[in-house]
Amino acid sequence: MVKKGASDIHFKAGSPPILRIYGDIVKLKMPPISPQALTSLAFTFLNETKRRNFRSFTELDTTYTIPNEARFRVNIYRQKGTFAIAMRHIPLKLPPMEQLRIPEVAKRFAMEPRGLVIITGVTGSGKSTTLASMINYINTHKRAHIITIEDPVEFVHEDIKSVINQREVGTDTPSFLDALRAAMRENPDIIMVGEMRDPETIATVLRASETGHLVLSTFHTTDAKETITSIVSYFPPHQQQQIRAQLAANLKGIISQRLIKRRDGMGRVLAAEVLVATQTIRACIMDPTRIDEIPDHIAQGTSEYGMQTFDQAVMRLYKEGLISYESALANATSPSDFERAVQFGG
15 MVKKGASDIH FKAGSPPILR IYGDIVKLKM PPISPQALTS LAFTFLNETK RRNFRSFTEL
75 DTTYTIPNEA RFRVNIYRQK GTFAIAMRHI PLKLPPMEQL RIPEVAKRFA MEPRGLVIIT
135 GVTGSGKSTT LASMINYINT HKRAHIITIE DPVEFVHEDI KSVINQREVG TDTPSFLDAL
195 RAAMRENPDI IMVGEMRDPE TIATVLRASE TGHLVLSTFH TTDAKETITS IVSYFPPHQQ
255 QQIRAQLAAN LKGIISQRLI KRRDGMGRVL AAEVLVATQT IRACIMDPTR IDEIPDHIAQ
315 GTSEYGMQTF DQAVMRLYKE GLISYESALA NATSPSDFER AVQFGG
């Protein structure tokens, strides 16, 4: 998997191992895996406690490390009465932000003294990598106490300038919410929450960002406007204006990500929408009738604030020759506007 540059590997009974390489599914030329072999394989990823409960769970997250070679996030689950395994490759060392093409504004977000920064995107869009890169940037530039809450712990950080404590849900703490509540009493400067999954966690994240902490987290949405709408909609109508007010007051920015196939076939490249919480953006968050204005304000805030829409990011990648016209069109938020911009040299 590592040698072939695959991001994921899947093990399923009755099928050979399956790789995901640059977004594509590739079956290896190997014999099908038997259910018994799959159970034995699953056992190699589990500690004693998880082995004792092996027969009772329906899905389980853990990690696996090949010393000095690679680290993997592992999900073991059931399908059609047998186990299946999905593994994601986690690099042992993070490349620089510039090499990953993470927007420069991420460095500015990472150095904020307080507030909320959200990284969004579908599964496999590199959210964890961007979060880890921001933690790494803080660690090399600032003396701070950082607590990460993850399920499971993916990138392992060593203390450089900062002190980093990494807590794993299910091993070090029962849940994101429990760990987040406890973190408020653990004297952190920065709290990284692997995922905002429910209203209680979202409410506690907002509260933490109000009380002088920088909170970094992820959300499964495709763009900034949808992120704001979705966060608010998690709450009953009588609470929504309060949530809007908390978001407007504490949000520093949103980075929404997509990975697009490179034109040269050598992997995928990051396209990112960037929202910076300016006074105008805050006013749009507060007023539900103005939410639809947000993409226009992002497009207009490129030179002054470092904002960009997905279409602006995609256009830049296309002009640099990193992605094909077809890929750019397929990933543009508005394909017709993108076509017109290319036609008129936009």
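All residue numbers for the sequence shown refer to the working numbering, where the first residue is 15 and numbers rise by one.
By construction, the Cβ of each residue, glycine as well, lies at the ideal position given by its N, Cα and C atoms.
Whose C-alpha, out of the options, is nearest the C-alpha of residue i?
| i | options | result |
| --- | --- | --- |
| Ile269 | Leu331, Glu118, Ile161 | Glu118 |
| Ile308 | Met210, Leu273, Lys239 | Lys239 |
| Arg199 | Ile160, Pro81, Cys298 | Ile160 |
| Ile132 | Leu273, Ala327, Leu228, Ala342 | Leu228 |
| Asn179 | Lys156, Met206, Ser189, Tyr339 | Met206 |
| Lys121 | Val170, Val283, Thr96, Gly267 | Gly267 |
| Met111 | Arg34, Val177, Lys141 | Lys141 |
| Val88 | Lys94, Thr96, Thr79 | Thr79 |
| Val183 | Glu172, His171, Lys175, Asp165 | Asp165 |
| Ala342 | Leu273, Phe97, Lys17 | Leu273 |
| Thr162 | Glu126, Pro250, Lys175, Gly208 | Gly208 |
| Gly95 | Arg128, Asp38, Ala27, Gln326 | Ala27 |
| Tyr332 | Lys64, Phe352, Thr316 | Phe352 |
| Met321 | Tyr248, Ala344, Asp75, Asp237 | Asp237 |
| His171 | Thr218, Thr154, Thr185 | Thr154 |
| Ala297 | Ala259, Thr316, Met329, Tyr319 | Ala259 |
| Gln357 | Leu55, Thr347, Met329, Asn345 | Met329 |
| Tyr319 | Leu289, Ala56, Pro109, Leu108 | Leu289 |
| Phe70 | Gly37, Phe97, Glu224, Ser231 | Checking the sequence shown, residue 70 turns out to be Ser, not Phe. Taking only the C-alpha atoms, the option nearest Ser70 is Phe97. |
| Leu74 | Leu114, Gly138, Gln113, Thr185 | Thr185 |
| Ser189 | Met210, Asp203, Pro202, Asn201 | Met210 |
| Ile337 | Lys275, Gln314, Ile204 | Lys275 |
| Lys156 | Gly138, Arg181, Thr143, Asp203 | Asp203 |
Just to check, is the beta-carbon of residue i closer than 8 Å to a non-hydrogen atom of the ligand SAM?
| i | result |
| --- | --- |
| Tyr36 | Here there are no bound small molecules, and the ligand SAM is not part of this structure. |
When you compare the CB positions of residue i and residue j, do they come within less than 9 Å of one another, or not?
| i | j | result |
| --- | --- | --- |
| Arg102 | Ser21 | yes |
| Ile104 | Ser147 | no |
| Pro49 | Lys41 | no |
| Ala222 | Leu191 | no |
| Ile299 | Ile305 | yes |
| Gly2 | Arg282 | Since the first residue shown for the chain is 15 and the last is 360, residue 2 is missing from the structure and cannot be characterised. |
| Ile99 | Leu52 | yes |
| Asn376 | Gly129 | Because the chain here runs from 15 to 360, residue 376 falls outside it and cannot be looked at. |
| Gln169 | Pro213 | According to the sequence as given, residue 169 is Phe; it is not Gln. Going by C-beta atoms, Phe169 is not nearer than 9 Å to Pro213. |
| Glu83 | Val16 | yes |
| Leu261 | Ile242 | yes |
| Ile216 | Ile257 | yes |
| Gly279 | Pro127 | no |
| Ile295 | Leu230 | no |
| Leu60 | Thr76 | yes |
| Leu114 | Leu284 | yes |
What three-state label does DSSP hand residue i in the structure shown?
| i | result |
| --- | --- |
| Lys141 | helix |
| Glu368 | Nothing can be reported for residue 368: it is not among the residues displayed for the chain, which extend from 15 to 360. |
| Asn179 | strand |
| Glu353 | helix |
| Phe233 | strand |
| His24 | strand |
| Thr323 | coil |
| Glu73 | strand |
| Asp310 | helix |
| Leu9 | Residue 9 falls outside the range modelled here, since the chain spans only 15 to 360, and no answer is possible. |
| Ile337 | coil |
| Lys64 | helix |
| Arg34 | strand |
| Ile205 | strand |
| Ile216 | helix |
| Ile174 | coil |
| Glu318 | helix |
| Val167 | coil |
Would you grab the beta carbon distance between residue i and residue j for me? Rounded to a whole angstrom, and I think it's under 8 Å.
| i | j | result |
| --- | --- | --- |
| Phe324 | Glu287 | 5 Å |
| Gly135 | Gln271 | 4 Å |
| Ala124 | Tyr91 | Their Cβ separation, rounded to whole angstroms, is 34 Å, which puts Ala124 and Tyr91 out of contact at 8 Å. |
| Pro46 | Ser29 | 6 Å |
| Ile35 | Lys18 | 6 Å |
| Ala197 | Ser176 | 15 Å between Cβ atoms; not a contact. |
| Phe57 | Arg66 | No, Phe57 and Arg66 are not in contact; Cβ-Cβ is about 11 Å, not under 8 Å. |
| Thr235 | Ser244 | 5 Å |
In chain order, each beta strand (DSSP E) run of at least 3 residues that lies wholly inside the stretch 76 to 162:
84 to 93, 96 to 104, 129 to 134
Continuous alpha helix (DSSP H) assignments of at least 4 residues falling wholly in the stretch 219 to 281
238 to 247, 251 to 264
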